[in-house]
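The block underneath contains the structure these notes are about, expressed in structure tokens.
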Amino acid sequence: MSDENIVPLIFEDNDDLKVIFNNSKMQSIYTSVLEHGMLTKKFLYLDYKGEENYEIVNYILDYEFDKNIELASQEELEKLGEYEYEFLPEKVKEVNKVISSKGYGLFSYPTTGDFYALFIAKLENKKELLQVELLEDEYIPHKERFIQYFY
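Numbered per our numbering, the sequence shown spans residues 564 to 714.
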């Protein structure tokens with residue numbers, strides 16, 4: 564599977580796909596996806612140190628509103644908001660324990676910086692999402708060149 568094939572698994576909206584593929588004529592698919600995710604707020608960008616002010620919970624709420632679905636109950640979201648952690652992947656694991664029951668996961672798109680680019684996608688696409696090497700940078704650890712799912 565190529566990087567072009569995973570784009571529709573991340574962005575389901577045809578307008579998003581058009582923008583990404585049009586931009587990919589001037590830059591890589593990897594960069595186009597990262598920039599579009601940032602501009603549209605379909606990716607949640609968090610410093611490697613973690614979140615501030617319930618950013619993950621708010622991101623989930625925005626996703627639920629946008630897709631008209633429920634990924635977590637109010638009680639579950641409150642617990643996630645109060646969850647204490649040392650490293651961000653620990654919190655992402657907790658989120659995935661909750662939203663996986665609804666068939667969704669919180670994934671991490673690879674970056675070259677000291678931040679995480681998180682996005683929600685359907686778990687039915689997990690295998691495809693995790694198998695494509697998106698970054699071809701020898702200075703980035705091998706496993707961090709791929710989309711990651713913390714569980």
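Note that the Cβ used here is the ideal one computed from N, Cα and C, for glycine as well.
This structure is a prediction, so every number in the text was calculated from the model and none was measured.
- Residue 684 has its alpha-carbon roughly 7 angstroms from the corresponding atom of residue 670.
- Counting every other CB atom within 10 Å of its CB across the protein chains shown gives residue 697 a total of 16 or more, marking it as buried.
- Where residue 685 is concerned, the enclosing beta strand (DSSP E) starts and stops at 678-685.
- With fewer than 16 other beta carbons inside 10 angstroms of its own, residue 705 counts as exposed.
- When DSSP states are grouped into helix, strand and coil, residue 696 belongs to the strand group.
- Looking only at 712, 668, 676, the smallest Cα-Cα distance to residue 627 is reached by 668.
- Ranked by how close their Cα comes to the Cα of residue 639, the residues 582, 650, 663 have 663 in first place.
- The continuous stretches of alpha helix (DSSP H) do not include residue 671, which lies in the beta strand (DSSP E) extending over residues 667-672.
- Rounded to whole angstroms, the gap between the alpha carbons of residue 675 and residue 597 is 11 angstroms.
- Within the same chain, and ignoring the five residues on either side of residue 614 in sequence, the residues whose Cβ sits closer than 8 angstroms to its Cβ are 651, 654.
- For the pair residue 571 and residue 609, the Cα-to-Cα distance works out to about 23 angstroms.
- Under DSSP, residue 613 shares a beta bridge with 610.
- In the DSSP assignment, residue 590 falls outside any alpha helix (DSSP H), carrying neither H nor E.
- Between residue 603 and residue 625, the beta carbon gap of about 11 angstroms keeps them out of contact (Cβ cut-off 8 angstroms).
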